[in-house]
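There are 2 protein chains.
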Amino acid sequence: MTTSPLATSTDIDASTILARVRELTEPVLRATVDRLEPWLAMMSAYHLGWRTVEGRPTPGMSGKLVRPALAVLAAEAVGADARVALPGAAAVELVHNFSLVHDDIMDGDEQRRGRPSVWHAYGSSAAIMVGDALQALAFDLIGAVGEDSRDGHDDGRGARAGRLLNGAMLDLVTGQAQDLKFPHRSWQGNDAVTVAEYQAMAGAKTGSLLGAAAAIGAELGGAQPDVVSTFDRIGRHLGLAFQCVDDILGIWGDPEITGKPVLGDLREGKKTLPILGALAAKTRVAVELRDALVQPVRSNEWLRHIALLIERAGGRAFTEEQATSHLDQARTLLARLSMPVRVRTEFDVLIDALTDRVR
Amino acid sequence: MTTSPLATSTDIDASTILARVRELTEPVLRATVDRLEPWLAMMSAYHLGWRTVEGRPTPGMSGKLVRPALAVLAAEAVGADARVALPGAAAVELVHNFSLVHDDIMDGDEQRRGRPSVWHAYGSSAAIMVGDALQALAFDLIGAVGEDSRDGHDDGRGARAGRLLNGAMLDLVTGQAQDLKFPHRSWQGNDAVTVAEYQAMAGAKTGSLLGAAAAIGAELGGAQPDVVSTFDRIGRHLGLAFQCVDDILGIWGDPEITGKPVLGDLREGKKTLPILGALAAKTRVAVELRDALVQPVRSNEWLRHIALLIERAGGRAFTEEQATSHLDQARTLLARLSMPVRVRTEFDVLIDALTDRVR
């Protein structure tokens, strides 16, 4: 007896899916991190939410493992067992965390997931090294995929998955380089950051790794090249939707939930999509917003005023539309692929959960 | 008519060999770095000595390319054309430079090859990113080796070379983690750094990548596993000899030649082999040295006094013996391998040049 898709979609929620992915992926992540030099392993375990800053075990409160979820579901979508995707799932999560640890240093972010960021807890030198170590582990993990089959049965899946991760890594540093230059550019004139430039940056910095996560899962699952590349595109759209949501939360998010300061992105003067979208409107409110942004004032009252102007100029609605559009494109691409009903339902549930975050 | 080894060894000097390696490797390095986002490419080109800090071309004054030389010679030793080694030669040089850029931030070193280090020229955030980018390029380069032969003729050389580079990367971060902890340990008692701990650190931080360089060259040249592993050991011994020489120059080197401040390692309170070897002697002079090291005085006169104590306690001679021993072991391993006379001569010339640096 099979469960109908309708019944399943009411039974399963996103947290159930992510809990299953965590159960599969976390043992691989822990075993991998444990291979590091003890000091590096301890700091990595702190960053990943497994230990306190002094190294004592915690109940665990790490990331959501969205990237491993994409890898696992993509492998299952193409008919493989989730386990074949695990080196890839763990590798993309490690690369994601490499970028968080290094980005927090570069951006001077003192908090991560409601706790001191690695550089804030252990210093910048240690944090540079932790990031380097996590990246090295990721490539070591995915490089080992083909190793057991050196008898000639290696069909190159591991090498191709490694290439996908390589590409995402290069995109990540490109996106981060573009992102780091944005604060030095102005709010107006020829030097202003355009919506298109922002989207290229977000595609490189966020979309690429989510694309790689899904593509690597499909690749390790034995998918054909066209299916791998469709999963890449699905992941990219989800990544860009994610970035839109993050940008909305960066201005209007509840600090209790985001673990970041209220109006954080405005306080830091970040050029995110809601602002760039609002400025692009070129309406009277957009001009008022532009004039407000160049003021050096950073009081809470002033930041709330700016947030209101962004909303009134349509920046929030624009970003929500962008997110919705990317989610729709991901859904359309998914619909083209054949996959087991259970896997399709889980993809739908994850995308719906993301849609809920947009609202 | 073949040239006799004797005639050849008087004709060729180390700089000729390194110039040939540069001619082969630098175009690959330049083309690879050029693929980066323009800002990252410019800063990388500065670090590699190809551009001024403002981005203008320079006559070129980059590193010696010792690691590429090992890769190229190892490939030629096993009968391959130098060109097959070039992705590996460039990749190990990129990983080496990744570690220089990040280590300079962690160690606070303001100078590199007689110019401001990347973080000193462009800031720490930029330097973190440049290091990440160079590392990503290295793995991308070596990952591409098997790509042209996806028709089934890929014999896994690229993947195995990638694994060797992965291993070296993990060793590098392990060594750097150990190195970063040394300054926080004391000069005496149970907490003191031992000679064995120092050698393990140097093996991970320096030996491993030189081992990988030679092994990757042999692997890409099509060598059997035992030959690849012999080249790995040769490279490691050369790396450890290098580290000994660096440690000697770090105390007694001429700033005009090293590009580093006089008595630099003593000024920074670094626990390097000459000091640890001197302390291990446990003689009267060694005790005097230990008592001198715990003084907070850092005047030039005091540092010269410490350097003299290290020498008198036998720390310099010990380090020179270690270097010579590693070079001898490298020579013994090389002698066991069959290779063309020209290649053997070039290996000998390189090792002799290193021996000259010890004296």
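Protein chains in written order, with this note's numbering: chain A, 3 to 361; chain B, 3 to 361. Yeah, the Cβ is synthetic: ideal placement off N, Cα and C, and Gly gets one too.
{"Check": "Under 8 Å between C-beta atoms, does residue 164(B) make it to chain A?", "Outcome": "yes"}
{"Check": "Quick one: does residue 134(B) have its CB under 8 Å from some CB of chain A?", "Outcome": "yes"}
{"Check": "Do you know offhand how far residue 298(A)'s Cα is from residue 304(A)'s?", "Outcome": "10 Å"}
{"Check": "If you measure between the beta carbons of residue 130(B) and residue 351(B), is that distance less than 8 Å?", "Outcome": "no"}
{"Check": "Give me the residue from 113(B), 118(B), 171(B) and 41(B) with the minimum Cα distance to residue 98(B).", "Outcome": "171(B)"}
{"Check": "Looking at C-alpha atoms only, which residue of 347(B), 359(B), 357(B) and 358(B) is the closest neighbour of residue 19(B)?", "Outcome": "347(B)"}
{"Check": "How big is the Cα-Cα spacing for residue 190(B) and residue 42(A)?", "Outcome": "25 Å"}
{"Check": "Closest Cβ-Cβ distance between residue 152(B) and chain A: below 8 Å?", "Outcome": "With a pLDDT of only 49 at residue 152(B), under 50, the local geometry of the prediction cannot be trusted, and the value read off the model is given with reservation. Yes - at least one Cβ of chain A is within 8 Å of the one on residue 152(B)."}
{"Check": "How many angstroms separate the CA atom of residue 44(B) from the CA atom of residue 281(B)?", "Outcome": "45 Å"}
{"Check": "Looking at C-alpha atoms only, which residue of 260(B), 137(B), 286(B) and 291(B) is the closest neighbour of residue 273(B)?", "Outcome": "291(B)"}
{"Check": "Between the C-alpha atoms of residue 169(B) and residue 142(A), what's the straight-line distance to the nearest angstrom?", "Outcome": "7 Å"}
{"Check": "Where does residue 80(A) land, buried or exposed, given buried means 16+ other C-beta within 10 angstroms?", "Outcome": "buried"}
{"Check": "Should residue 17(B) go down as buried or exposed, given a rule of 16 or more other Cβ atoms within 10 Å for buried?", "Outcome": "exposed"}
{"Check": "Taking 8 Å as the threshold, find out whether the region 192-212 of chain A comes into contact with the region 53-66 of chain A through three or more Cβ pairs.", "Outcome": "no"}
{"Check": "Going straight from the alpha carbon of residue 95(B) to that of residue 70(B), what length do you get?", "Outcome": "6 Å"}
{"Check": "Looking at the secondary structure, which residues open and close the alpha helix (DSSP H) in which residue 238(A) lies?", "Outcome": "227-254"}
{"Check": "Can you tell me where the alpha helix (DSSP H) holding residue 184(A) begins and where it ends?", "Outcome": "Looking at the DSSP string, residue 184(A) is not in any alpha helix (DSSP H), and its letter there is neither H nor E."}
{"Check": "Using a Cβ-Cβ distance under 8 Å, would residue 39(B) count as near chain A?", "Outcome": "yes"}
{"Check": "When you compare only the Cα positions, how much space is there between residue 92(A) and residue 220(A)?", "Outcome": "14 Å"}
{"Check": "Give me the Cα-Cα distance between residue 333(A) and residue 345(A), rounded to the nearest whole angstrom.", "Outcome": "13 Å"}
{"Check": "Helix, strand or coil for residue 297(A) per DSSP?", "Outcome": "coil"}
{"Check": "Under 8 Å between C-beta atoms, does residue 203(B) make it to chain A?", "Outcome": "no"}
{"Check": "Which residue or residues does DSSP assign as beta-bridge partners of residue 113(A)?", "Outcome": "118(A)"}
{"Check": "Out of 258(B), 249(B), 263(B) and 206(B), which one is the CA nearest neighbour of residue 237(B)?", "Outcome": "206(B)"}
{"Check": "Measure the alpha-carbon distance for residue 146(A) versus residue 162(B) and round it to whole angstroms.", "Outcome": "10 Å"}
{"Check": "Taking buried to mean at least 16 other C-beta atoms within 10 Å of its own C-beta, is residue 60(A) buried or exposed?", "Outcome": "exposed"}
{"Check": "Anything in the region 162-187 of chain A with a Cβ closer than 7 Å to a Cβ of chain B? List those residues in chain order, please.", "Outcome": "164, 165, 168, 171, 172, 175, 176, 178, 179, 180, 182 and 183"}
{"Check": "For the region 232-256 of chain B, which residues have a CB atom closer than 8 Å to at least one CB atom of chain A, in sequence order?", "Outcome": "none"}
{"Check": "Going residue by residue through the region 42-126 of chain B, where are the continuous alpha helix (DSSP H) segments of at least 4 residues, counting only ones entirely within it?", "Outcome": "68-79, 84-109 and 120-124"}
{"Check": "Is it a yes or a no for the region 110-119 of chain A touching the region 208-225 of chain A, going by three-plus beta-carbon pairs under 8 Å?", "Outcome": "no"}
{"Check": "For residue 262(A), count neighbouring C-beta atoms within 10 Å of its own C-beta (all shown protein chains included) and say buried if the count is 16 or more, exposed if not.", "Outcome": "buried"}
{"Check": "Alpha carbon to alpha carbon, how far is residue 354(B) from residue 255(B)?", "Outcome": "19 Å"}
{"Check": "On the premise that residue 217(A) lies in contact with residue 233(A), defined as a C-beta separation below 8 Å, what is that separation, rounded to the nearest angstrom?", "Outcome": "5 Å"}
{"Check": "Check whether chain B comes within 8 Å of residue 349(A), counting only Cβ atoms and requiring the distance to be less than that.", "Outcome": "no"}
{"Check": "Which residues in the same chain have their Cβ closer than 8 Å to the Cβ of residue 159(A), if we skip the five residues on either side of it in sequence?", "Outcome": "147, 148, 221, 222 and 224"}
{"Check": "If you measure beta-carbon to beta-carbon, which residues of the region 94-123 of chain B are closer than 7 Å to chain A?", "Outcome": "104, 107 and 108"}
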